[in-house]
Amino acid sequence: MKRKITWAAVLALIVLVSAALALRPKSIGHHSVLLFEVGGDIPEQTPWNPLFALFEKPPLTVLDKVMALRKAGHDSRIQAVVVRITDFDFGMGKTQEFRQAILDYKRSKKPIVAYLELEGGGNLEYYLATACDQIYVSEESFLGLNGLSSFHFFLGGVWDKLYLDLQVDQIKEYKSAADMLARQDMSEANREVANSILDSLNAQFLGDMARDRGKKPEEARAMVDGFWMIPERYREAGWVDGIKYLDEVLDLFKKDSGPVRVVREDEYDQQDPVGLGINRGPKVKVVFGVGNIVMGDPGGRPFGGQIMGSDRMVKELLEAAEDDSIKAVIFRIDSGGGSALASDLIWRATQKVREKKPLVVSMSDVAGSGGYYIACGADAIVAEPATITGSIGVFTAHLSLGRLLEKAAIGTALLTRGPYADYRRISRPLSEAGREKARASIAAIYDIFTRKVGQGRGLKQERVNEIGRGRIWTGAQAKELGLVDELGGMIQAKELVKQRLGVAPDKDVELIWKRPPVSLWKILTGKVEEAAFQAFFTPEEIELLTWLRLPGLWRAGEPLALMEERVLVQ
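Residues 228 to 797, numbered by this note's numbering, are exactly what the sequence shown covers, in order.
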């Protein structure tokens with residue numbers, strides 16, 4: 228016992244010393260260059276991971292990075308920013324968040340240049356780079372600017388091959404998640420929406436690139452259609468400014484014969500923004516709602532990304548509501564929805580927040596179906612032009628294992644009392660009477676959903692039904708329809724909060740978003756909610772595993788306010 232205590236004490240000392248050293252801000256000299264990294268998958272919120280407390284720093288989040296650029300714009304010690312862009316895995320909404328952060332930094336009149344190192348990316352990576360003053364690319368980079376596309380797959384033919392029977396009922400015709408499960412091809416309604424989304428995103432993509440590079444949209448169209456790939460070709464046409472390596476780009480900012488003073492973003496993250504005159508004032512809590520929406524508090528799920536449990540989400544929102552030191556809440560959402568019941572419980576918590584203080588929603592890449600349900604009751608909604616939102620609809624799916632059990636020679640027996648006692652039993656398909664009950668249930672949920680959207684958005688329920696019907700929209704389209712209030716990201720959401728708090732335009736508020744560190748006790752006892760498995764899988768593998776685990780997230784036949792897991796636009 229004594230030896231165990233001794234080892235625990237040694238481990239505790241190591242953690243405390245490591246934490247103290249890690250948190251000590253690095254001294255930054257004048258004429259420094261901030262090296263800002265964009266690559267991989269950048270999380271909305273720091274994941275719970277015991278390794279971060281013991282051996283390594285947690286990854287910087289979207290808001291960490293946005294704040295780093297904001298600080299750099301106000302920091303006289305930073306003479307320039309170099310944005311190193313490698314292949315990344317997030318969507319166009321987050322890309323626009325970073326683009327806007329770059330454009331905001333440029334108001335400081337200090338230079339910011341992009342440097343591209345690409346193995347297979349191109350479209351969104353280059354789109355981000357065009358917000359900078361200049362663009363440089365490494366000689367062997369694959370600059371795959373080949374135009375946007377959306378990919379959809381359909382599982383309707385899988386079930387029979389697995390000796391399974393799937394029964395899907397949906398409200399209404401545009402509910403593409405139901406199509407994905409039940410059909411073997413794209414419906415005309417789904418095709419109509421997919422083309423509308425792609426047209427909206429493509430107009431933003433070409434228009435923004437052309438404007439920022441001093442070109443015409445038709446020139447951008449010709450460049451993308453040409454699919455040149457070779458960096459030198461883009462330089463000749465004026466779409467990049469030079470072929471250089473990172474050290475050569477950094478050397479552009481040499482002030483003397485010595486080396487360039489480079490500050491890495493994880494070091495710069497430790498710099499207090501208050502000393503720069505920003506992020507101070509009334510406290511505003513940022514609450515994150517990320518992942519598939521489920522009942523309860525399931526914590527993290529191996530092989531499948533983040534989960535938004537209703538218990539934890541309600542708890543965080545109500546704690547922010549009851550904390551008198553918190554003057555407003557920004558609810559940051561990145562979710563394609565999930566359980567209709569869990570979504571409704573989270574919606575109720577947002578209304579309890581509104582009774583006490585302002586609540587503004589900031590949408591990330593996706594806030595659709597249940598993700599829109601939990602947003603619709605806010606005082607204001609902010610979305611990026613490329614955010615995928617809407618999908619106001621409901622569906623239910625019943626998977627029957629009867630034929631599979633028979634094929635495996637597994638016998639079953641079911642005794643019932645009452646005509647519907649076998650409802651949702653996975654050993655047999657639903658009867659037609661059972662399906663009628665399911666249809667009535669999701670119709671009632673859809674009615675509640677559209678009514679609450681109407682109340683929250685100041686729209687008649689009939690109008691919500693017209694623009695609902697399961698249809699998804701881009702943020703730009705949603706603003707025209709009245710489903711969101713403003714276009715922008717977290718900083719725009721903060722400005723709306725300032726207005727509601729009566730804070731002067733030249734004053735600021737204090738955003739509180741960083742997770743508290745995991746306690747040593749939780750690490751030693753193993754009571755940590757997410758393991759470090761994600762470090763060992765590629766994003767593509769995690770995406771596949773996410774699809775495989777989806778049936779385990781919800782009960783058989785549970786009404787779902789869910790859209791496609793990810794609208795893949797690349």
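Beta carbons: idealized from backbone N, C-alpha and C, even for Gly.
Source: prediction; values computed, not measured.
- Would His625 be called buried (16 or more neighbouring beta carbons within 10 Å of its own) or exposed? For the purposes of this step, residue 625 is taken as residue 398 along the sequence shown, with counting starting at 1. Result: buried.
- Item | Delimiting residues of the beta strand (DSSP E) encompassing Thr701 | In the sequence shown, the residue the question calls residue 701 occupies position 474. Here the beta strand (DSSP E) through Thr701 covers Ile699 to Thr701.
- For Gly320, which option in Leu296, Gly620 and Glu352 has the closest C-alpha, if you only look at C-alpha atoms? Mapped onto the sequence shown, residue 320 falls at position 93. Answer by Cα proximity: Glu352.
- Query: Does the distance from the CB of Gly715 to the CB of Val609 come in under 7 Å?
  - Reply: Along the sequence shown, read from residue 1 onward, the residue named residue 715 stands at position 488. Along the sequence shown, read from residue 1 onward, the residue named residue 609 stands at position 382. Contact flag set, yes.
- What whole-angstrom Cβ distance do Gly565 and Gly597 have, given they're in contact under 8 Å? Your numbering for residue 565 matches position 338 in the sequence shown. Your numbering for residue 597 matches position 370 in the sequence shown. Rounded, the Cβ-Cβ distance is 5 Å, consistent with contact.
- Item | Candidates Gly620, Lys481 and Arg311, of which the one nearest Thr677 by Cα | As a position in the sequence shown, residue 677 is number 450, starting the count at 1. Among Gly620, Lys481 and Arg311, the Cα nearest to that of Thr677 belongs to Gly620.
- Quick one: grab the DSSP three-state call for Asn506. Against the sequence shown, residue 506 aligns to sequence position 279. Here Asn506 sits in coil by DSSP.
- So, Ala358 versus Arg326, is the Cβ gap smaller than 7 Å? Taking the first residue of the sequence shown as 1, we reach residue 358 at position 131. Taking the first residue of the sequence shown as 1, we reach residue 326 at position 99. For Ala358 and Arg326, yes; Cβs fall inside 7 Å.
- Straight-line Cα distance separating Leu479 from Trp386: Residue mapping note: residue 386 aligns to position 159 of the sequence shown, counting from 1. Residue mapping note: residue 479 aligns to position 252 of the sequence shown, counting from 1. Roughly 59 Å separates the two Cα atoms.
- Task: List the whole-angstrom C-beta distance separating Ala409 from Val395, where the pair is believed to meet the contact cut-off of C-beta under 8 Å.
- Result: For this step, residue 409 is matched to residue 182 along the sequence shown. For this step, residue 395 is matched to residue 168 along the sequence shown. Sure, about 4 Å apart at Cβ, within 8 Å.
- Query: Assuming Ile699 contacts Gly617 under a Cβ cut-off of 8 Å, what Cβ separation, rounded to an integer in Å, is found between them?
  - Reply: Reading the sequence shown from its first residue, position 472 is the one you call residue 699. Reading the sequence shown from its first residue, position 390 is the one you call residue 617. Contact holds; Cβ gap of about 5 Å.
- Per DSSP, cross-strand counterpart(s) of Thr623: Mapped onto the sequence shown, residue 623 falls at position 396. In DSSP, Thr623 forms a bridge with Asp396.
- Query: Which of the three DSSP states, helix, strand or coil, is assigned to Ala358?
  - Reply: The residue given as residue 358 occupies position 131 in the sequence shown. DSSP places Ala358 in coil when its eight states are reduced to three.
- Message: List, from N- to C-terminal side, the alpha helix (DSSP H) runs of 4 residues or more that fit wholly inside the segment 306–353.
- Response: 319–332
- beta strand (DSSP E) runs contained entirely in the segment 521–603, provided each spans 3 or more residues: 534–536, 553–562, 564–566 and 586–595
- Return the Cβ separation of Leu262 and Arg297 in integer angstroms, given the expectation that the two are a contact with Cβ distance under 8 Å. Taking the sequence shown and counting its residues from 1, the one referred to as residue 262 is at position 35. Taking the sequence shown and counting its residues from 1, the one referred to as residue 297 is at position 70. The Cβ separation is near 17 Å, so there is no contact.
- Item | Cut-off 7 Å between Cβ atoms - residues of its own chain near Pro766, not counting five sequence neighbours on either side | Walking along the sequence shown from the start, residue 766 turns up at place 539. Below a pLDDT of 50, predicted positions are generally treated as unreliable, and Pro766, at 45, falls in that range; the measurement from the model is reported next regardless. Closer than 7 Å at Cβ, skipping near neighbours: Asp268 and Asp316.
- Task: Please report how far the alpha carbon of Ser562 lies from the alpha carbon of Ala569, in whole angstroms.
- Result: Locating residue 562 in the sequence shown gives position 335, counting from the first residue. Locating residue 569 in the sequence shown gives position 342, counting from the first residue. Distance between the alpha carbons of Ser562 and Ala569 is about 13 Å.
- Message: I'd like the list of long-range same chain contacts for Tyr673, defined as Cβ closer than 7 Å, with 5 residues on each side in sequence excluded.
- Response: Here residue 673 corresponds to residue number 446 of the sequence shown, with the count starting at 1. Around Tyr673: Ile398, Gly620 and Val621.
- Query: Would a C-beta distance cut-off of 7 Å place Asp571 and Leu586 closer than the cut-off?
  - Reply: For the purposes of this step, residue 571 is identified with residue 344 of the sequence shown, where counting begins at 1. For the purposes of this step, residue 586 is identified with residue 359 of the sequence shown, where counting begins at 1. The answer is no: Cβ separation not under 7 Å.
- Message: Restricting to Cα atoms, I'd like to know which of Leu723, Val340, Ala576 and Asp426 is closest to Gln306.
- Response: Position 79 of the sequence shown, counted from the first residue, corresponds to residue 306. Comparing Cα-Cα distances from Gln306 to each of Leu723, Val340, Ala576 and Asp426, the minimum goes to Val340.
- Task: Quick one: which unbroken beta strand (DSSP E) runs of 3-plus residues sit fully inside the segment 617–663? Chain order, please.
- Result: 621–627
- Task: Flag this pair as yes or no: are the beta carbons of Gln367 and Ile470 separated by less than 7 Å?
- Result: Position 140 of the sequence shown, counted from the start, is the residue given in the question as residue 367. Position 243 of the sequence shown, counted from the start, is the residue given in the question as residue 470. The displayed chain sequence assigns Glu, not Gln, to residue 367. No; because the gap between Cβ atoms is not below 7 Å, this pair is not in contact.
- Query: By how many angstroms is the C-alpha of Leu345 removed from the C-alpha of Leu473?
  - Reply: As a working note, residue 473 is residue 246 in the sequence shown. As a working note, residue 345 is residue 118 in the sequence shown. Going from the Cα of Leu473 to the Cα of Leu345 covers about 13 Å.
- Taking just the CA atoms, how far does Ala437 sit from Gln726? Translated into the one-based positions of the sequence shown, residue 726 becomes position 499. Translated into the one-based positions of the sequence shown, residue 437 becomes position 210. Roughly 33 Å separates the two Cα atoms.
- Whole-angstrom C-beta distance between Ile669 and Val293, which should lie under 8 Å: Taking the sequence shown and counting its residues from 1, one reaches residue 293 at position 66. Taking the sequence shown and counting its residues from 1, one reaches residue 669 at position 442. 38 Å between Cβ atoms; not a contact.
- Task: Would you mind stating whether Asp452 and Pro656 have Cβ atoms separated by less than 7 Å?
- Result: Translated into positions along the sequence shown, residue 452 becomes position 225. Translated into positions along the sequence shown, residue 656 becomes position 429. No; because the gap between Cβ atoms is not below 7 Å, this pair is not in contact.
- Which same chain residues, not among the five before or five after Met679, have their C-beta less than 7 Å away from its C-beta? Position 452 of the sequence shown, counting from 1, holds the residue named residue 679. At residue 679 the sequence reads Lys, which differs from the Met that was named. Around Lys679: Trp574, Cys603 and Gly604.
- Within its chain, find whatever has a CB closer than 8 Å to the CB of Ala671; leave out the 5 residues flanking it on each side and keep chain order. As a working mapping, residue 671 is identified with position 444 in the sequence shown. For Ala671, where only same-chain residues beyond five positions count, there are no Cβ hits under 8 Å.
- Query: Which residues in the same chain as Leu382 place their Cβ atom closer than 6 Å to its Cβ, once the five residues preceding and following it in sequence are excluded?
  - Reply: Within the sequence shown, the letter at position 155 stands for residue 382. Hits under 6 Å: Leu408.
- Query: Is it the case that the Cβ atoms of Val711 and Val511 are separated by a distance below 7 Å?
  - Reply: Along the sequence shown, read from residue 1 onward, the residue named residue 711 stands at position 484. Along the sequence shown, read from residue 1 onward, the residue named residue 511 stands at position 284. Taking 7 Å as the Cβ cut-off, Val711 and Val511 do not qualify as a contacting pair.
- Are Tyr390 and Leu631 touching if we call contact CB-CB under 7 Å? As a first step, residue 390 is located in the sequence shown; it is residue number 163 there, counting from the start. As a first step, residue 631 is located in the sequence shown; it is residue number 404 there, counting from the start. Going by C-beta atoms, Tyr390 is nearer than 7 Å to Leu631.
- Beta-carbon spacing of Ile362, Asp468 below 7 Å: The residue labelled residue 362 in the question sits at position 135 within the sequence shown. The residue labelled residue 468 in the question sits at position 241 within the sequence shown. Result yes, Cβ atoms of Ile362 and Asp468 sit closer than 7 Å.
- Rank Arg696, Glu713 and Glu693 by C-alpha distance to the C-alpha of Gly702 and give the top, closest one. Locating residue 702 in the sequence shown gives position 475, counting from the first residue. Comparing Cα-Cα distances from Gly702 to each of Arg696, Glu713 and Glu693, the minimum goes to Glu713.
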